[in-house]
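Quick mapping for you: the protein sequence lines, in order, are chains D and F.
Counted the way our numbering counts, the first sequence spans residues 163 to 437.
Counted the way our numbering counts, the second sequence spans residues 163 to 437.
Here is the structure we will look at.
There are 2 protein chains.
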Amino acid sequence: MRIKIASHSGFCFGVKRAINIAERTLKESRHTNNTYSLGSIIHNPQVVGDLSKKGLKVISGINNIKKGAVIISSHGATIEVIEKIKKKRLDLIDATCPFVKNVHNIVRDLKSSGYRIVIIGDKKHPEVKALLGLVGREAKSNKIAVISQTTQSKDNYLKGVAGLLKKDFSELRIFNTICNDTAHRQALTRDLLKECDVMVVVGGKNSANTRRLWHICKERGVDSYHIETDAELKEEYFRRKGCAGVVSGASTPDELVKKVVKKIKELNLKRKRGK
Amino acid sequence: MRIKIASHSGFCFGVKRAINIAERTLKESRHTNNTYSLGSIIHNPQVVGDLSKKGLKVISGINNIKKGAVIISSHGATIEVIEKIKKKRLDLIDATCPFVKNVHNIVRDLKSSGYRIVIIGDKKHPEVKALLGLVGREAKSNKIAVISQTTQSKDNYLKGVAGLLKKDFSELRIFNTICNDTAHRQALTRDLLKECDVMVVVGGKNSANTRRLWHICKERGVDSYHIETDAELKEEYFRRKGCAGVVSGASTPDELVKKVVKKIKELNLKRKRGK
């Protein structure tokens, strides 16, 4: 069995930046024992686990926090939460991805220009929650603007847009807010799908962009496994397969991908010997 | 055979306005023998013929005009032509439809904001020619804006938009610049097509919105005839038909439609007697 690894892997710009910000904050003596991250700073449990060992405390709200630094995750946070942090005079450390911030700015502009704003994304994801907070009450307008979660697939986005095209509008403004890194990994995944008959998608189970890669694989009807670490791999995944593709999400460390590839090779060898 | 007439007919707002402007200008003594229209003021040869009898002279260019009033047709004119009229110190009478003017304003705004502007319409139509003049040289931009000729059908427009959605863009801005009167007549035509097995479309052969109605009929595979006057009707059009639908364009006078209906009734009666 051949093994094909996507030519692009490792942290994306926004994830790398968020981890750097967290590590820098943890090193500052005044924050010792008081560095918090509001939700997972990035959606990879292994990386978050490592940061926790270094002292980062993941919290779901700031009600019980009295002092220290609160890091906004790479996905951003709602205005309400940010205001609350400021009001409590906690140190606000913003690790929101700059590409996500850019979408915030687009939403602000659209809102002040009277557009009805439609978001195509996962309602429960922190990125979308923060956007919904910015959008506020739905405006009644025949000028419609549509934005997507930065980790959406273009196909999925265009499906949503197709629905809006049927509506009555004086103007429909479509922003391509899918980030380049996401689009790139999706394109590489589609390429591998042309050659491979089994796909391994490495990344946090809570990672939207990783899950999206997995969905793209499943939509093509190819056997696909979304795993966080090599420990989840099973020999049977590769039985009677000619080519295994390995792709990973934007918050997946390169070492985890390397371990996964090593394990696939071992399982492959073991099976060969077994024959 | 039943005869069904579209519930909306007669001149649209822009056509009515243009005809009024022409008649008013013709009445002004200082313009006697010197009232010109740059191209057909509206796309109905019968109406233009009537205005010609009242003294309106249709010209294709102003090179040979030395004095008098030049009326810009309801479809608008290029900036170059307008500048030329001003330079020659002729009286400029603007009969451009306000809804078309609105599209001009949209194009100006988009151009100054750096959008690449796509027009979906008939390149040779004066409305589109004027718009192309405003657009000027194609801008290199990944912000795309798309507008349609005001007399386009929404189906056709959306087909063009679907092509643009496949392109790489940071933003795609779709303006619904199809005028209400056009949309209304198209909707009524589609309604009649559900009941009728022969359609008569009344209006200038050079009228874009009338031709569009005829195309909608043909696309449905229903026998359809685009005529300017009742003189063009033939008995055979209605042979073995259960229901004839009559629709008309935005520049078709109501009297012409009434004459067409009268003639269809006569042909119908004649055929019945012949049986």
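Just so it is clear, CB atoms sit at the ideal spot from N, CA and C, and this is done for glycine as well.
### Message
Taking a contact to mean a Cβ-Cβ separation below 8 angstroms, would you say E333 of chain F touches R278 of chain D in this structure?
### Response
Between E333 of chain F and R278 of chain D, the C-beta spacing is not below 8 angstroms.
### Query
Ends of the alpha helix (DSSP H) at K289 of chain F?
Sequence check: residue 289 of chain F is Glu here, not Lys. Its alpha helix (DSSP H) spans residues P288 to V297.
### Query
What's the gap between the Cα of F400 of chain F and the Cα of K215 of chain F?
35 angstroms
### Query
With which residues is A257 of chain F paired in a DSSP beta bridge?
In the DSSP assignment, no residue is bridged to A257 of chain F.
### Query
Within 10 angstroms of its Cβ, does S191 of chain D collect 16 or more other Cβ (buried), or is it exposed?
exposed
### Message
Taking only three categories from DSSP, how would you classify C379 of chain D?
### Response
helix
### Task
Name, going along the chain, the residues of the stretch 327-339 of chain F whose beta-carbon falls closer than 7 angstroms to a beta-carbon of chain D.
Under the 7 angstroms Cβ criterion, the stretch 327-339 of chain F contributes L327, F331, S332, E333, L334, R335, I336, F337 and N338.
### Task
Note down, one range per segment and in chain order, each beta strand (DSSP E) of at least 3 residues found wholly within the stretch 314-363 of chain D.
333-337
#### Entry: I241 of chain F, enclosing alpha helix (DSSP H) - first and last residue
I241 to K249
### Query
Relative to the alpha-carbon of V177 of chain D, which residue among D:E300, D:N195 and D:T344 has its alpha-carbon at the smallest distance?
D:T344
#### Entry: Residue burial classification, P288 of chain D (beta-carbon count within 10 angstroms, cutoff 16)
buried
### C-beta contact flag for Q314 of chain D and I268 of chain D at 8 angstroms
no
### Task
Decide if L503 of chain D is buried, meaning its Cβ has at least 16 other Cβ atoms within 10 Å, or exposed.
Outside the displayed span of chain D (163 to 437) sits residue 503 of chain D, for which this structure offers no information.
### Task
In angstroms with no decimal places, state the Cα-to-Cα distance between I181 of chain F and K166 of chain F.
Approximately 28 angstroms, taken between the alpha carbons.
### Range covered by the alpha helix (DSSP H) that runs through G436 of chain F
D416 to G436
### Query
With a cut-off of 8 angstroms, does the C-beta of L272 of chain F fall near any C-beta of chain D?
no
### Environment of S386 of chain F [buried if 16+ CB atoms lie within 10 Å]
buried
### Query
Who are the Cβ neighbours of L375 of chain F in its own chain at under 7 angstroms, not counting the five residues just before and after it?
R347, Q348, T351, V363, V409 and G411
### Task
Pick helix, strand or coil for H388 of chain D, following the three-state DSSP scheme.
strand
### Query
Closest to L296 of chain F by CA distance: which of F:H193, F:N304, F:S236 and F:V280 is it?
F:V280
### Message
Give me the DSSP bridge partner(s) of G407 of chain F.
### Response
F:K166 and F:M361
#### Entry: Proximity winner among F:S222, F:G230, F:G276 and F:C358, relative to G407 of chain F (alpha-carbon distances)
Per the Cα distances, F:C358.
### Query
For the stretch 284-301 of chain F, which residues have a beta carbon sitting closer than 8 angstroms to at least one beta carbon of chain D?
none
### Query
Which partner residues of T197 of chain D appear in the DSSP bridge assignment?
D:A231
### Query
Exposed or buried, what is I241 of chain D when buried is set at 16 or more other beta-carbons lying within 10 Å of its beta-carbon?
exposed
### Query
Count the other CB atoms within 10 Å of the CB of A393 of chain F; is the residue buried (16 or more) or exposed (fewer)?
exposed
### Query
With contact counted as at least three CB pairs below 8 angstroms, one residue from each stretch, are the stretch 202-221 of chain F and the stretch 413-423 of chain F in contact?
yes
### Query
List, in order along the chain, the chain F residues whose C-beta lies closer than 8 angstroms to that of V323 of chain D?
Here the neighbours are L327.
### Query
With a CB to CB cut of under 6 angstroms and the five nearest residues on each side skipped, what residues in its chain are close to T258 of chain D?
I234 and G238
### Query
Cβ of M163 of chain F within 8 angstroms of Cβ of G404 of chain F?
yes
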